[in-house]
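Read in our numbering, the sequence shown has 9 at position 9, and its numbers run on one by one without any break.
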Amino acid sequence: MSKLAIKGGKSIIEHEWGKWPVVGKTEIELIKKVTESGNWSYNGPMETEFKKKWADFNGSKYAILVANGTVSLQLAWEALGIGYGDEVIVPGLTWQADAATIVDVNAIPILVDIEEDSWCIDPAKIEAAITSRTKAIAAVHFYGTICNMDTIRTIAQKHHLFLLEDCS
């Protein structure tokens with residue numbers, strides 16, 4: 001290959017990439033329905049229907065909608081009572097929101113190294129980071145990999161810590 005495809009060379013991919021987002025007649029009709037209703041907020045009829053279906057799917061009595069994953073993390077920390085001076089163990093390689101939301105509730109993120117093969121938090125390093133101020137562990141399933149939840153859950157239970165999973 002003498003020239004990259006982006007520079008005018010021959011592409012090795014002979015098919016078109018899928019388009020995103022997928023927009024068909026159904027999606028257009030649903031957007032039109034919501035827009036024309038004049039009630040397109042977190043508490044509109046379609047949002048209410050989605051919350052009910054999501055709660056049912058998860059076997060939960062309630063579900064709430066939030067703007068994004070960052071807001072959901074902050075609400076989770078607040079719901080757990082994490083606050084001023086508390087420490088929360090987070091992986092050293094993660095999205096900024098995982099540490100920033102801990103700071104947002106006036107707690108302290110404690111960075112712990114990751115495993116080489118999974119890029120997820122290393123359970124073997126968690127216990128050494130636990131102090132009397134540690135209140136929770138954030139297990140982030142990073143880049144589509146899965147944390148060793150059995151071991152992390154055992155550590156959290158042993159030390160009476162909250163365990164929050166972020167499926168980034």
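The beta-carbon is built from N, C-alpha and C at its ideal position, and this holds for glycine as well.
Pop quiz: residue i and residue j are said to be a contact at Cβ under 8 Å. What is the actual Cβ separation, rounded to whole angstroms?
i           : j           : result
residue 155 : residue 123 : 6 Å
residue 125 : residue 112 : 5 Å
residue 18  : residue 34  : Their Cβ separation, rounded to whole angstroms, is 25 Å, which puts residue 18 and residue 34 out of contact at 8 Å.
residue 130 : residue 91  : About 15 Å separates the two Cβ atoms, so there is no contact after all.
residue 119 : residue 93  : 6 Å
Please state if the CB of residue j and the CB of residue i are separated by a distance shorter than 8 Å.
i           : j           : result
residue 110 : residue 88  : yes
residue 137 : residue 114 : no
residue 169 : residue 51  : The question about residue 169 has no answer, for the chain in this structure spans 1 to 168.
residue 80  : residue 142 : no
residue 82  : residue 10  : no
residue 168 : residue 77  : no
residue 42  : residue 65  : yes
residue 133 : residue 86  : yes
What is the DSSP secondary structure of residue i, counted as helix, strand or coil?
i           : result
residue 135 : strand
residue 34  : helix
residue 150 : helix
residue 114 : strand
residue 121 : strand
State whether the region 65-74 contacts the region 98-116, with contact taken as three or more CB pairs (one from each stretch) at a distance under 8 Å.
yes
Which residue spans inside the region 2-56 form an unbroken beta strand (DSSP E) run of at least 3?
none
Could you pull out every unbroken beta strand (DSSP E) segment of at least 3 residues lying fully inside the region 68-109, listed in chain order?
87-91
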